[in-house]
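Residue numbers (my numbering): 535 to 894.
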Ligand code: NAD
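What follows is the structure, encoded as structure tokens:
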């Protein structure tokens with residue numbers, strides 16, 4: 535296959551982890567006879583520094599023309615004092631909206647070799663953990679009307695949570711389709727006891743579920759779900775939720791697996807076009823030291839090959855190479871136990887690359 539990829543390296547550790555992911559994609563290309571063309575574009579802090587804007591128009595155009603997008607991470611203390619609409623992170627919201635990336639898929643998988651890193655009691659995660667959060671990404675409170683006003687003489691601020699039936703239906707379908715390929719269970723998370731938008735969410739999800747009689751559906755309030763994820767995470771297969779609740783719950787679910795540096799994500803539009811990125815941020819505290827874990831970004835590329843390009847063997851090979859690297863005892867700093875030998879970003883990329891050849 536000849537594939538055009540937009541690459542946004544971003545800020546902090548973004549360029550370091552993206553470099554390792556590209557190293558792996560290049561090796562996959564040579565092993566399986568594909569060609570990946572990389573179109574490098576700017577977004578985030580580095581784009582502000584070079585162009586004055588966090589999301590230049592050329593970046594959006596290039597992403598739209600590409601077959602998929604790979605993103606490192608954006609943001610950092612250098613730009614923290616910028617006003618909200620001008621911060622690097624605004625580039626993410628802009629990309630999601632411009633590319634219509636309405637479905638954020640975040641698997642939280644615990645690797646056997648890293649079960650020690652799980653902060654929960656062993657009996658709660660015995661036999662492994664494999665759940666996925668499906669988060670609505672282009673609607674809800676992050677995109678609703680917002681502003682300031684004076685109420686009773688005091689400054690007040692508001693952010694409106696609004697969803698329409700179409701937005702809820704399409705993300706619900708994404709969750710049910712995914713559940714059909716997994717353990718056929720969807721837990722829809724809302725706050726229908728308080729919020730009108732959640733009541734529409736719940737009734738719409740119930741309607742969509744009629745088209746998926748093989749999938750078991752249950753509903754949880756978000757406060758209960760936040761508790762259940764640490765109390766009994768194995769009850770979940772697919773968690774379906776809104777933009778705000780998904781932001782919080784997916785971070786919580788990822789922490790249950792033990793390392794933020796291991797988890798990939800995809801943000802999908804219609805037709806399986808997607809942007810693929812690690813769930814972590816730009817980690818400015820460790821940037822430029824060759825100690826960041828590149829595995830989340832590498833696994834995001836495996837997700838991309840499987841989801842957007844249907845290259846199943848290639849995706850499986852990358853995932854097996856990561857698993858073998860962990861099983862062989864190699865650890866980056868974030869997943870190493872005290873006094874365990876630590877392998878650097880580039881070196882772990884090289885080891886994964888050499889494992890691809892062994893596993894093909
Ligand atoms: P973070 O995910 O960048 O870092 C949290 C902690 O995890 C830090 O201690 C960091 O060193 C560690 N960490 C993260 N990724 C790691 C990796 N691959 N290997 C080893 N350790 C890793 O979150 P934060 O500190 O809250 O945010 C830092 C910046 O990133 C902020 O500007 C924030 O807005 C931005 N951010 C960007 C994205 C994105 O681009 N998608 C997501 C979240 C945060």
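Cβ coordinates follow ideal geometry from the N, Cα and C atoms, glycine included.
Which residues mark the beginning and the end of the beta strand (DSSP E) in which residue 810 is found?
-> 808-812
So is residue 636 buried or exposed if we call it buried at 16+ other beta carbons inside 10 Å?
-> buried
Given that a residue counts as buried once 16 or more other Cβ atoms are within 10 Å of its Cβ, and exposed if not, what is residue 767?
-> buried
Please work out which residues of its chain come closer than 8 Å, Cβ to Cβ, to residue 797, disregarding the five sequence neighbours upstream and downstream, and give them in chain order.
-> 640, 641, 642, 643, 788, 791, 812, 813, 814, 830, 833
So, is residue 606 buried or exposed, given that buried needs 16 or more other C-beta atoms within 10 angstroms?
-> buried
If we count the other Cβ atoms within 10 Å of its Cβ and call it buried at 16 or more, is residue 549 buried or exposed?
-> buried
By the 10 Å Cβ neighbour count, where 16 or more other Cβ atoms means buried, how is residue 611 classified, buried or exposed?
-> exposed
Nearest-angstrom Cα separation, counted from residue 886 out to residue 547 = 19 Å
Through-space distance from residue 754 to residue 727, alpha-carbon basis = 10 Å
From residue 645 to residue 793, what does the alpha carbon distance come to, in whole angstroms?
-> 10 Å
First and last residue of the beta strand (DSSP E) that includes residue 666?
-> 664-670
Report the residue from 864, 758, 785, 810 whose alpha carbon sits nearest the alpha carbon of residue 884.
-> 864
How is residue 748 classed by DSSP in three states: helix, strand or coil?
-> coil
What does DSSP give as the partner residues of residue 637 in its beta bridges?
-> 670, 802
Over the uninterrupted beta strand (DSSP E) stretch that includes residue 570, give me the two end residues.
-> 569-574
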